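Participant: Protein sequence lines, in the order shown, are assigned to chains W and C. Here the first sequence is numbered in numbering that gives the first Met the number 0, starting from 0 and rising by one per residue. Here the second sequence is numbered in numbering that gives the first Met the number 0, starting from 0 and rising by one per residue.
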Amino acid sequence: MKRSFFVPAAGLLLAGAAPAQTARALGKDDAHFARLLFRRGYPDLAEDFARLVKGKGKSNPRDLAEIRALELDLRLDKASREPEALKKADLIVELVGQMEEFVRTDPNGEDADEARDRLPELYRMLAEGMAAALQQESDPERLRKLREEGDDILTRAERSFNERRSALEEIRAEQPRAEGQYLGASFDRARTIFYHALFCAPEDPRRKDLLEKTIEAFQDFSIEWSDHLLNYHGLIFQGLAMKELGRSDEAIQVLDEAIRLRESYGRDARGLWDMAPDAADVVSAAVLHKVLVLTAKQDYAGVAATAKDFFETTRDFASTSQGLPVMGALAQAQLAAGDGKAAAATAQKLIGLDPQGPWGGLGSQLLSEALGKGGGGGVGPEQMLRLGERMVERGEYARAVQAARQLLAATRRTEKEANYGVEAFLLIGQAYASEGRLHEAALAFDVGAERFPAGEKAPDALWGAVNGYLELNAQERSPFYKKRLDDRMAQLARKYPKSPHAAYAQLVEARQAAAEKNYVKAAELYQLIPPGSPAYEQAEFGIGGCYFNQARRFAEERKPEEAKGYYERAESALRKTLADLDKALQKTLDRTAQAKLDALAFSARITLAQIYLADPIRRPAEALAILEGAEEKAGGDAEKSAQAWDLRIRALEAQGKIDEGARLLESLLEKNPDPRSLVGALRTLGRALDMRATEERKKDPRSGRPDELWRKAARYYFLSAQPMLSGSSRTSEIEEIANRLLVLGLHFSGVPEEETTFALPKPATVRKEGGDLLEQAARLYEAVLGLTPSYRTRISLGRAYGFLGRWPDAARVYGQLFDQEPLVEKGSKRLNPAVLAAKPELLSAYLEWGYAEHQTAAAHKETERERFERAQGIYGTICNSTTEEQRLWWVAKYFLIRCLIDAGNYVEADVALRSVERTTEDFDGGKFGFKDLFLELKEQLGTKVFRMQKPGSSEKKTRR
Amino acid sequence: MTATLARLRLLLVPPLLLPLPAAQPEVKDSVFLKDGKSESGRIQSEEYGALTLAAAKGPPKKIPWDSVRSVQYGGSAPFSKASDAFSAGQVEEALPQLEGLRQDAKLRPVLRQQVLYFWALAQQRLGKVDEALAGYQALLKEFPKSRFLRAVGENLVAGHLAKKDAAGGERAVDQFLADALAAGVDSGFLNELRVLKARLLEGQEKYAEAMASYSILAGAGGVSAAAVQEATLGQARCLQKQGKATDAEPLYRKLLGEDAPNFVLAGAWNGLSDILSKQAKDKRDAEALRDALFGYLRAVIQYGPLAGETTIEYERGLAGAAKCFRFLSELETNADRKKLYLDRARERLSQLKREFPGSPFLQD
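(1) By Cβ distance below 6 angstroms, which residues in the same chain neighbour W/G373 in space, the five residues on each side in sequence not counted?
(2) Using a Cβ cut-off of 8 angstroms, pull out every chain W residue sitting near C/F293, in sequence order please.
(3) Given C/A219, which residues of its chain have a CB within under 7 angstroms of its CB, disregarding the five upstream and five downstream residues?
(4) Using the rule of at least 16 other Cβ atoms within 10 Å of the residue's Cβ for burial, across every protein chain shown, is W/D445 buried or exposed?
(5) Please confirm whether C/Y31 has its beta-carbon closer than 9 angstroms to some beta-carbon of chain W.
(6) Decide yes or no for the touch test of the stretch 95–110 of chain C against the stretch 124–133 of chain C: beta carbon pairs closer than 8 angstroms, at least 3 of them.
(7) Please state the DSSP three-state secondary structure of C/T310.
(8) With a cut-off of 9 angstroms, does the C-beta of C/E286 fall near any C-beta of chain W?
(9) Looking at the unbroken alpha helix (DSSP H) that takes in W/E852, where does it start and where does it end?
(10) Could you give the residue range of the beta strand (DSSP E) that holds C/Q43?
(11) Terminal residues of the continuous alpha helix (DSSP H) containing W/L244?
(12) Suppose contacts are defined by Cβ-Cβ distances below 9 angstroms. Is C/Y213 in contact with C/Q241 by that definition?
(13) Using the beta-carbon of each residue, which ones in chain W are nearer than 8 angstroms to C/L296?
(14) When you compare only the Cα positions, how much space is there between C/K338 and W/D315?
(15) Pull up the distance between the alpha-carbon of C/E46 and that of W/Y419, whole angstroms please.
(16) Curious, which full-length beta strand (DSSP E) runs of at least 3 residues does the stretch 668–717 of chain W contain?
(17) Judging by CA-CA distance, which residue of W/R552, W/I877, W/D486 is the nearest neighbour of W/R829?
(18) Excluding sequence positions up to five away, which residues of its chain have a Cβ less than 8 angstroms from the Cβ of W/T154?
(19) Counting Cβ pairs, one atom from each stretch, are 3 or more of them under 8 angstroms apart for the stretch 585–602 of chain W and the stretch 556–563 of chain W?
(20) Between the beta-carbon of W/A737 and the beta-carbon of W/L779, is there less than 9 angstroms?
(21) I need the boundaries of the beta strand (DSSP E) containing C/L50, first residue and last residue.
(22) How about C/D290: is its C-beta nearer than 9 angstroms to some C-beta of chain W?
(23) Run the CB neighbour count on W/D616, radius 10 Å, all protein chains shown included, and call it buried at 16 or more, exposed below.
(24) Run through DSSP, which three-state label would W/S263 get?
(25) In chain W, which residues lie less than 7 angstroms from C/Q301 when you measure between Cβ atoms?
(26) According to the neighbour-count rule (16 or more other Cβ atoms, all chains shown, within 10 Å of its Cβ), is W/R704 buried or exposed?
(27) Are the C-beta atoms of W/V944 and some chain C residue less than 9 angstroms apart?
(28) With a floor of 3 residues, list each beta strand (DSSP E) that falls wholly inside the stretch 313–354 of chain C, ordered by position along the chain.
(29) In whole angstroms, give me the CA-to-CA distance for W/P760 and W/S640.
(30) Report all residues from its chain with a CB closer than 6 angstroms to the CB of W/R23; omit the five preceding and five following residues, and keep chain order.
(31) Would C/S44 pass as an interface residue toward chain W - the criterion being a Cβ-Cβ separation below 9 angstroms?
(32) Would you verify that the beta carbon of W/T319 is, or is not, closer than 9 angstroms to some beta carbon of chain C?
(33) To which residues of the same chain is C/T51 closer than 6 angstroms at the C-beta, ignoring the five residues directly before and after it?
(34) Determine the chain W residues that contact C/Q122 at a beta-carbon separation under 9 angstroms, and present them in chain order.
(35) Excluding the 5 residues flanking W/S320 on each side, which residues of the same chain have their C-beta closer than 7 angstroms to its C-beta?
(36) Could you name the residues of the same chain whose beta carbon sits closer than 6 angstroms to that of W/V400, not counting the 5 residues immediately before and after it, in chain order?
Following this line, the structure appears as structure tokens:
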């Protein structure tokens, strides 16, 4: 098999970042870019990037400082994400140690202050992390060690802050900067004492002492800096310490004092405190802790009053740091008080304020708890419904269906049964439709309309059923669905003539014709829908779409003239559609209607761009023009945006302006390093550059330009891959990218094109640049295998690891492959010809498995006997199944002898070699290039084995 | 609960605090009625017919289950969490939570009853039948008039049949009925419970005897309409098993025209779909197979169970749908569509396996 280096995968023609990156990914402001990656939620990418920046060796000091800070954040992030408490504690301890060392070795350095600022937060994590670890640990020795370690660090921390305070105290009067540092050290000292207190076990007498010491320290702080914002933070700490000491009332008093910070600001006309954002954050934290203290006291009325006052008097309370947590705490208190109804209402507000965020998620969870087991808890039907809808949005389909069933049960035989009943089935239908379960979805919609025809949304349900059956009919072409479809459409027109869906039903016949690929007839049917119908614009778009599809069909049939005619008709229809959509948009203020019209406009633009790029038309400049601002109509939909970018790049490519496309994309990446929205563009650009490089290499094999282009292509492939892993991309798309990265990786590794395997007597050494790409390819293959196991993908992954010299990984992957593929006939030690005929790729993979086991074993001779034996078995099986006439026999035999030598079985190796020598004529006679290799082995064995030739004996001995 | 939500829970604890023991608020329960009203107080007990609520004033009040829309238990957050996981089909996740609650000696009886039931049910769902049966016995011992009495009886029968231990099943059902009688369960309900004996006979393929038992029950006075419908369903099933599909079909269709409990209607759709799919397969009629497919899906979609209710018909519906897709694949000649149907069959079977790893329909 020859690598198809010059032919990028066909699938890459369609629209489609990766975990590790190459030095080619570097540009300007790299450290900033790495930081942005981290902020955007790509710690892996950020880490890789940071490593690259450090490795390139020419970074400016500012970049390096930023990278050091980023590395710390990354490690903090890693520690905070670590799920295992013990491991987490270890990570934090290590981090604290390094930070302390950093401050100690360069106390006046530029970064020392920043490191010092971070330390208290680390102490908090340490106290919490270690306390959690202590709860999980059962080994008394380890427990003791953990306690000692934590205690040590926190005591040392206190001492260090004390010493720093003392040192600064002496100079604070003379140096303004020292005054600020003194304030900071005093605050950090006090809070570190608090963390230390929390670290102590409840029965430890030091806990109480330390809590009291905390209060004292913050009171001292308060005396000196009463008007400083940090003082209010200190009041909160005092409150927490008092609560821990069981002095709840005092805690509430000091927290109230902290809340009174707002009184230093005025109120606006609506009675809202006019606080600075920092102050509002402190007040929100104080309110949160007061609410929690009151909840612990079971003073639920107090909780409600405190929260209400905060919500009603704080401007944009939800944007304060603890505004949403206050709301969450209120809902929890309401739940604890048994007031499910109020809890559900609060939880719903939380969802409304943070619909896509984590607090909205908590709201859903709380709402779900309020729903409870017994058929809905205190949650009313409306809330149940909203909860279900929320679950569908979050992809919790099973729970959504269960919520719908509860809704059905809860409203059975009630006044509103019809309305809620149909809503419940709409919800079930949506949940199944979102899972792609069309049969269940269509039936759910159908049942909703059938059982509750008087429900307000029954026409919606019927419309859902129509669409479901339409889609099923397109897939299965069955009279069963056609009959249901016609029947439901008739019902829609008969029972609900005023419903907008009844008008849309006119579209169905045309859509059916289009689904049957009868585009001309479909266009005619769309034309029957008159202007003024709610479905008019949809029909107009349908006409354009049908002509476009008809044109494509002619193009596929190689009838360019006919194709051109239909492309032109499609263009004219779609241009008119766009004009009419603009007019329709001006006439409506209804957001839902606007969104529908925008979606149509986007689709029309995309289709037009495709027309302008089509062969018989070829007007790429117009494609670019029509795509201008297309994303505005995409409503933030990443897939749609990718689609637009894909076409844009193709248009630039068609104009020979591919570099312009790259520049455009680079500038976008700088502004928005989140590659998710640019997946399609990155992939298309990668492919375009890849193709261009291929063409240039064909023209001039000695030019350096193709390599430049391939490097860029690799970068874009790479950047496009990461979001695909976390999104809904097809595994085939990811694999195509992985395949391309593998090929490019081998190219940049200097592996000759004809070498498709690493299992060679003298394999090429992989160069670093190519190695990075191979690593990326391997990570993508791993991801693909996690989703859809395939023997081909496994072979590619094993090969990537093999070329990288990651022998244990390669051996693992091939081992998994041959667990699944019964290549060796049981009991015979021969290869199964039927399996080989079906999957010929397995043969070289089998040899590669042997080689990977062999190399793994060779690296750890003492412990890997089993692997040596496995490798020998594999080589032996290949020899048994092939003949000396085949190159593979020679490869396997050569490796078998090498393996015996590597395992220290010199005598056996010698016997095997002499047997080859005896039974062949001059080895392979140079036919496959193995003669010299065998002679080398013979020479090598000559130094290990000597013969004492006795008469009639062939005894051999191994040299010592 | 997702990892994100779990982290948020921690965030709700003050960012500077270690987890503290949960506060024990005063327990106040609310019962929401179907007529839109609600009652609050402390639920004293939950029995098969009604719950008893002690309000702040006046004597305790019995509220029949069929007038209850929902119940909110005060201080039930950990249970709600476990129950929520169970309802969402995350049985393996729910089980350790239920186990923790089961060990909590201070748990209120009203919640304990639910914990014991759902714990046993979770075991049964996971195919651990012996643990489940022991769990149900423990529940009955503590709550002989449990609100789950009927469901426990059903699950006892299903569990013994799954073990192919008819004799054990018979002993268990006899004991179950005797205990119910001794506990003072009223005669009407007790009569309804006798359907379990018929189910046991049916499970042993003693269709004639089972038919007779179902007939007696269907004709008995003092039993609810739902019990009669269940007995009719049993009769139809027995007829069908005896090869009398033409006699069974009108019974199924009759039931489908009535206002019956979900599991009865699901059972009727499944029975009818069994008949249709067999005929369709014999005639190699893809269109008729689709009729059967949608019949099975009705058992899943239209009459799916609530958490804690019997799931046998739901499982049967899922398995039936998978079977129909497989048959469709066999009849199809277009390679792409053939694969499509097979994929759809696999999807339904994997769902069944995921939701009910111990389902008897996985063995078909």
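For each residue, glycine too, the CB sits at the ideal point set by N, CA and C. Computed from a predicted model, the values in this text were never measured in an experiment.
Facilitator: According to the structure data:
(1) Residue placement at W/G373 cannot be trusted, given a pLDDT of 38 that sits under 50; the coordinates are not used to answer.
(2) H438, L442
(3) N190
(4) buried
(5) Per the sequence presented here, residue 31 of chain C reads as Phe, with Tyr not at that position. Yes - at least one Cβ of chain W is within 9 angstroms of the one on C/F31.
(6) no
(7) coil
(8) yes
(9) 840–858
(10) 37–45
(11) No alpha helix (DSSP H) contains W/L244, which DSSP labels as neither H nor E.
(12) no
(13) H438, E439, L442
(14) 55 angstroms
(15) 29 angstroms
(16) none
(17) W/I877
(18) H195
(19) no
(20) yes
(21) 49–53
(22) yes
(23) Looking at the sequence shown, residue 616 of chain W is not Asp but Ile. Flag for W/I616 reads buried.
(24) helix
(25) V446
(26) exposed
(27) no
(28) none
(29) 49 angstroms
(30) Note on W/R23: pLDDT 41, under 50, position unreliable in the model; no value is reported.
(31) no
(32) no
(33) Q43, S44, P59, K61
(34) Chain W residues near C/Q122: none, gap ~18 angstroms exceeds 9 angstroms.
(35) D280, S283, A284
(36) I427, A430
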